[in-house]
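Below: the structure, in structure tokens.
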Amino acid sequence: MAGEITQLLLQWSGGDAGALDRLTPLVYDELRKLARRYLRRQGPHRTLQPTAIVHEAWLRLVNYQQMEWQSRAQFYGLAATLIRNLLVDDTRRRQRRKRGGEVERVSLTGAEPLVLRPEVDLLALDEALRRLAERKPQHSRIVELRFFGGLTIEETAAALGISHATVERDWKLARAWLYVELAG
Amino acid sequence: MTPEQEEQVERLFHTAIALQPSERRAFLAEACGADEAVCRAVERLLGGHERAEGFLDAPVWEAAATIAAESDGAMIGERLSHYHLLSLLGRGGMGEVYLARDERLERQVAIKLLPAEFIADAEWTRRFEREARTASALNHPNIITIYEIGETVTEAGELRFIVAEFIEGRTLRERMKESRLDCAAALEVAVQVAGALKAAHSAGIVHRDIKPENVMLRPDGLVKVLDFGIAKLGTGNREWGVGSRKNTLLPASDSYSLFPTPHSPLPTPHPSLSTLPGTVMGTISYMSPEQARGEEVDARTDIFSFGAMLYEMLAGRLPFEGASASAVIARILKAEPAPLAEGAREIPRELERIVNRALRKDRDERYANGAELLADLQTLKRGMEKKTGSRKWQWLGASAAFILLTLAGAAYFFRPGPGGETAINSVAVLPFAGSGEAEYLADGVTESLINSLSQSPGLKVIARGSSFKYKNSQADPREIAKALDVEALLTGSVRQNGDRLAINIELINARDLKRVWGEQYERQAAELPLLQTEMAAQAARQLRAPLTAAAERQLAKRQAGNQAAYELVLRGRFFRGKGTTEGRRKALECLQQAVAIDPNYALAWADLSNVWHNLANAGELDPQQALPRALDAAERALRLDADLPEARYSLAYYKLYRWEWAAAAREFQRAFELNPNMARAYFGYAYLLVVTGRAEAAIAAALRARELDPVSLSGAIGVGEVSYYAHQYDRAITSCRRTLELDQEYSGAHFYIGLSLAAQGRYQEAIAAYQQAVKLAGNPPYLQIYLGAAYAKSGARAKAEAIRRRLQTSGEYVSPAEFAILLAAMGEKEAAFQSLSRAYAAHDFQLQYLKVDPGFDPLRSDPRFQDLLRKIGLAP
Numbered sequence: 001m002a003g004e005i006t007q008l009l010l011q012w013s014g015g016d017a018g019a020l021d022r023l024t025p026l027v028y029d030e031l032r033k034l035a036r037r038y039l040r041r042q043g044p045h046r047t048l049q050p051t052a053i054v055h056e057a058w059l060r061l062v063n064y065q066q067m068e069w070q071s072r073a074q075f076y077g078l079a080a081t082l083i084r085n086l087l088v089d090d091t092r093r094r095q096r097r098k099r100g101g102e103v104e105r106v107s108l109t110g111a112e113p114l115v116l117r118p119e120v121d122l123l124a125l126d127e128a129l130r131r132l133a134e135r136k137p138q139h140s141r142i143v144e145l146r147f148f149g150g151l152t153i154e155e156t157a158a159a160l161g162i163s164h165a166t167v168e169r170d171w172k173l174a175r176a177w178l179y180v181e182l183a184g
Numbered sequence: 001m002t003p004e005q006e007e008q009v010e011r012l013f014h015t016a017i018a019l020q021p022s023e024r025r026a027f028l029a030e031a032c033g034a035d036e037a038v039c040r041a042v043e044r045l046l047g048g049h050e051r052a053e054g055f056l057d058a059p060v061w062e063a064a065a066t067i068a069a070e071s072d073g074a075m076i077g078e079r080l081s082h083y084h085l086l087s088l089l090g091r092g093g094m095g096e097v098y099l100a101r102d103e104r105l106e107r108q109v110a111i112k113l114l115p116a117e118f119i120a121d122a123e124w125t126r127r128f129e130r131e132a133r134t135a136s137a138l139n140h141p142n143i144i145t146i147y148e149i150g151e152t153v154t155e156a157g158e159l160r161f162i163v164a165e166f167i168e169g170r171t172l173r174e175r176m177k178e179s180r181l182d183c184a185a186a187l188e189v190a191v192q193v194a195g196a197l198k199a200a201h202s203a204g205i206v207h208r209d210i211k212p213e214n215v216m217l218r219p220d221g222l223v224k225v226l227d228f229g230i231a232k233l234g235t236g237n238r239e240w241g242v243g244s245r246k247n248t249l250l251p252a253s254d255s256y257s258l259f260p261t262p263h264s265p266l267p268t269p270h271p272s273l274s275t276l277p278g279t280v281m282g283t284i285s286y287m288s289p290e291q292a293r294g295e296e297v298d299a300r301t302d303i304f305s306f307g308a309m310l311y312e313m314l315a316g317r318l319p320f321e322g323a324s325a326s327a328v329i330a331r332i333l334k335a336e337p338a339p340l341a342e343g344a345r346e347i348p349r350e351l352e353r354i355v356n357r358a359l360r361k362d363r364d365e366r367y368a369n370g371a372e373l374l375a376d377l378q379t380l381k382r383g384m385e386k387k388t389g390s391r392k393w394q395w396l397g398a399s400a401a402f403i404l405l406t407l408a409g410a411a412y413f414f415r416p417g418p419g420g421e422t423a424i425n426s427v428a429v430l431p432f433a434g435s436g437e438a439e440y441l442a443d444g445v446t447e448s449l450i451n452s453l454s455q456s457p458g459l460k461v462i463a464r465g466s467s468f469k470y471k472n473s474q475a476d477p478r479e480i481a482k483a484l485d486v487e488a489l490l491t492g493s494v495r496q497n498g499d500r501l502a503i504n505i506e507l508i509n510a511r512d513l514k515r516v517w518g519e520q521y522e523r524q525a526a527e528l529p530l531l532q533t534e535m536a537a538q539a540a541r542q543l544r545a546p547l548t549a550a551a552e553r554q555l556a557k558r559q560a561g562n563q564a565a566y567e568l569v570l571r572g573r574f575f576r577g578k579g580t581t582e583g584r585r586k587a588l589e590c591l592q593q594a595v596a597i598d599p600n601y602a603l604a605w606a607d608l609s610n611v612w613h614n615l616a617n618a619g620e621l622d623p624q625q626a627l628p629r630a631l632d633a634a635e636r637a638l639r640l641d642a643d644l645p646e647a648r649y650s651l652a653y654y655k656l657y658r659w660e661w662a663a664a665a666r667e668f669q670r671a672f673e674l675n676p677n678m679a680r681a682y683f684g685y686a687y688l689l690v691v692t693g694r695a696e697a698a699i700a701a702a703l704r705a706r707e708l709d710p711v712s713l714s715g716a717i718g719v720g721e722v723s724y725y726a727h728q729y730d731r732a733i734t735s736c737r738r739t740l741e742l743d744q745e746y747s748g749a750h751f752y753i754g755l756s757l758a759a760q761g762r763y764q765e766a767i768a769a770y771q772q773a774v775k776l777a778g779n780p781p782y783l784q785i786y787l788g789a790a791y792a793k794s795g796a797r798a799k800a801e802a803i804r805r806r807l808q809t810s811g812e813y814v815s816p817a818e819f820a821i822l823l824a825a826m827g828e829k830e831a832a833f834q835s836l837s838r839a840y841a842a843h844d845f846q847l848q849y850l851k852v853d854p855g856f857d858p859l860r861s862d863p864r865f866q867d868l869l870r871k872i873g874l875a876p
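Taken in order, these protein sequences are the chains called H and D.
Going by this note's numbering, the first sequence opens with residue 1, and the numbers climb by one from there.
Going by this note's numbering, the second sequence opens with residue 1, and the numbers climb by one from there.
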């Protein structure tokens, strides 16, 4: 499997969009399993080191010696997108259950017991990110990598092939913009 | 906004945030110039930036991982063994609780998945299993039933789970949040929780974590205590039921820290607790002093926690409050709770005494166990009920005037308030399905439920005869309900597998055919007698016509008997219900065996007495032999249980036979006072009333009986019969025709139509009706007598003469009282009086109609007739 994923990652970096479609479910499954395993080991105080999971997934899935840093960043980026989807889907599912089939906006602070950062409405954030992506795809991607992927400024810069300063600058703007979108 | 403007907004934003916040607005005012749109856009972003401190800074990962792993219903839709997880009921420190479907037994269950971190600990797991096994051995209506402790391996790893009874309802905590419980309601909950503690303590199990979150209240009023024996192994949060979504008292992880190691049985106050505000005290508020000190716990620990909980129910506040966990613990160890009576509410002094005794610091001064506690609570409850009894029953209808005081009580507590569900006031128990050996069990369960529910005041329960018309019926339930004029149907099935019984029961609202309630029971066959009481009690609660604890105990006592004897009683009823000569003979055998095995079994004696009556009535035994035996059996039954309605009924019947009219009336009345739904007793009473000349009251009683037993022939014919003797011939004919709609071939209905027509002088029509009856019933002597009388009156004297000769020579038993009617119709007055003398000498049962049967009319003016009436107690 490691070989297959490595191959797909290489093809994807080479611009083969179809490779991503095949890659996605494999990585998704792996992330889910890893997350579960991590929690079982962690005990009651669930202080996960998120990057640890992605890192382990990377180690397990990819024959990393063949891969360059660029690919690793790309993998992290993919993981970030997947986690975002996973989260958003799950939130929708839970809200459907709570509201008898209606999809409704609820603040996640209300939708206990999942504790997110205060005041983040995940579904609203997801939509705002989509709107941001239409006008500023790079800003949107940075938020995805940092917030959903847990990447540092450096890692984000590497994943996107841009400078630290740009990441930092764009991050600030994106964050302010998203805040206004969500709060207003 | 143009791209240029957007670019400008961005540039200005970045420049501005590099400045001190105080300088930003001035900078903007200058830099934007006249472009209002740009200025507003930058200001908005700046506002966002300034308030976004911390926003999105920490990645969402933590939550993502939690979701990805197992949180909040991730298992929905999955299968564990043969359980299909349907939805999440709640979660807590001990893991998530799902509603699941047991696909093997086809019932809903609650499944608690144990958190992974516990499973890794082998010692904890071993201990958990041992405790859960012990707890699962507890079998008590107020304790949640544990079905199974399971484990399975999924792709996510090893999973352990507990399968338990699914309880619909809410926790006592949720109930208390809504409003304060009144004294009676609190006492009702307390009695049931104490019942659970009694059962557990006598099995050597200590709960260790009694608190409102662990007490579930079902909508029907039944209280269930959760997580016996396993409570201490986890944290404070137990959520088996709907509606208990969360424990708001302590977040799971913090509450877990009360138990630093999973196998430490004793919670030791955790340092971090002292920083928690007073409002978040969960488990510690109900902790006993010995628990707080870290000592061994025993049954008396539960008593203390129970005391704290009852105090909270009554006072609306905890007995030991404090601003921090350590303050609460200090108060538990040292302080006395504020007197309960300090609140504005009136709390009986005895109740306060009970609470105080439960809350003693020194456990030697507390109740020693649940049994002692329960005894005091029950005494108090009975006392309170007696006091308020008369007031409570005002809402009941006329028939409730007869309700025994012992039945008063719990109904009051459980009646829904305004806005509650609409009460169901009438129900039919339809025969439970059961094949092979289980058939008699199924019939027995049906009959027991009818009998038990019948004792619920204010509830109309259709009698056995009408219910059993629908055995194996494919009819539309709505039609059945309409025919029986009931709002609900209760039915189910019985399956037997070796010595195990699986009983399924459900209550269906007849209006919309919605299932109001259902339950599956799986028990040892030996538990059937008790189970029937339990089922009846549960069903009664669902019907909002609960049986009182006293009535329940009474029922349990009645059902209980020796197991073998009980089975014989069920068999006896099964055979008797067949209504055949063979069935009655077999019933007699079964019941004679039953009383031989268990001579102290009142119900068996009462049934035996009834079968003797049946045999005499059906002419299968000489009444002179059968009736003394019926009396003997009834008297034995009443010596064992003076309030057994079946025995009272049997005794009444005997008194009727003895022409002891007043005594018979008293016994019939007692029978339907004890069982307001006893159709047979109303019928008997109706006969008594009509033959003693109280026509209107008789018809009312017959109508009441028919209401309870509308579709059985005996139920339907009664009104016609009584109407005839009441001389309301049109009503009699109409009623009998209605009976014929149930069964065209019912000779009895044709017979009474004939009698009524003859009484109206319509002899030809009467003869036709009698001939119809003769065709259907063979040619029994009584039919020939009335046919002959009609011939005589219509002028066909030769035909009447032929019948008279045939009756005198056939050797068949002919009632001398009835024979007198034929002779009277033929104008042979002297012969008629001779026959009546014979009837009196032989104590002919048919003489009871002397006062009211129009057939005797030609004789009435003779002094000898008045003399006879006086001798049998029917003179005016």
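Cβ coordinates follow ideal geometry from the N, Cα and C atoms, glycine included.
I'd like to know whether the C-beta of residue i is nearer than 8 Å to at least one C-beta of chain H.
i              : result
I17 (chain D)  : yes
F13 (chain D)  : yes
T2 (chain D)   : no
H49 (chain D)  : yes
L159 (chain D) : no
A52 (chain D)  : yes
E168 (chain D) : no
Q20 (chain D)  : no
Which chain D residues sit within Cβ distance under 7 Å of residue i?
i             : result
Y76 (chain H) : Chain D residues near Y76 (chain H): none, gap ~12 Å exceeds 7 Å.
For a quick check, are the C-beta atoms of residue i and residue j less than 8 Å apart?
i              : j              : result
N675 (chain D) : S454 (chain D) : yes
E78 (chain D)  : L85 (chain D)  : yes
Y653 (chain D) : Y849 (chain D) : no
Y286 (chain D) : K211 (chain D) : yes
A128 (chain H) : L173 (chain H) : no
V494 (chain D) : F432 (chain D) : yes
A80 (chain H)  : L31 (chain H)  : no
Which chain H residues are close to residue i, counting only those with a beta carbon under 7 Å from its beta carbon?
i             : result
F55 (chain D) : R175, Y179
E10 (chain D) : L173
From the beta carbon of residue i, is the nearest beta carbon of chain D less than 8 Å away?
i              : result
V143 (chain H) : yes
R130 (chain H) : no
R169 (chain H) : yes
A79 (chain H)  : no
List the whole-angstrom C-beta distance separating residue i from residue j, where the pair is believed to meet the contact cut-off of C-beta under 8 Å.
i              : j              : result
R753 (chain D) : A769 (chain D) : According to the sequence shown, residue 753 (chain D) is Ile rather than Arg. Sure, about 5 Å apart at Cβ, within 8 Å.
A41 (chain D)  : V9 (chain D)   : 5 Å
V429 (chain D) : S456 (chain D) : With a Cβ gap of about 12 Å, V429 (chain D) and S456 (chain D) do not count as contacting.
L836 (chain D) : A820 (chain D) : 5 Å
V191 (chain D) : L217 (chain D) : Between L217 (chain D) and V191 (chain D) the Cβ distance is about 13 Å, and since that is not below 8 Å, they are no contact.
May I ask which residues mark the beginning and end of the alpha helix (DSSP H) holding residue i?
i              : result
Q784 (chain D) : 781-794
M535 (chain D) : 528-542
Got a sec, what are the start and stop residues for the beta strand (DSSP E) residue i sits in?
i              : result
I503 (chain D) : 500-509
A489 (chain D) : According to the sequence shown, residue 489 (chain D) is Leu rather than Ala. Taken as a continuous stretch (DSSP letters only), the beta strand (DSSP E) holding L489 (chain D) covers 488-497.
K224 (chain D) : 223-225
L113 (chain D) : 107-113
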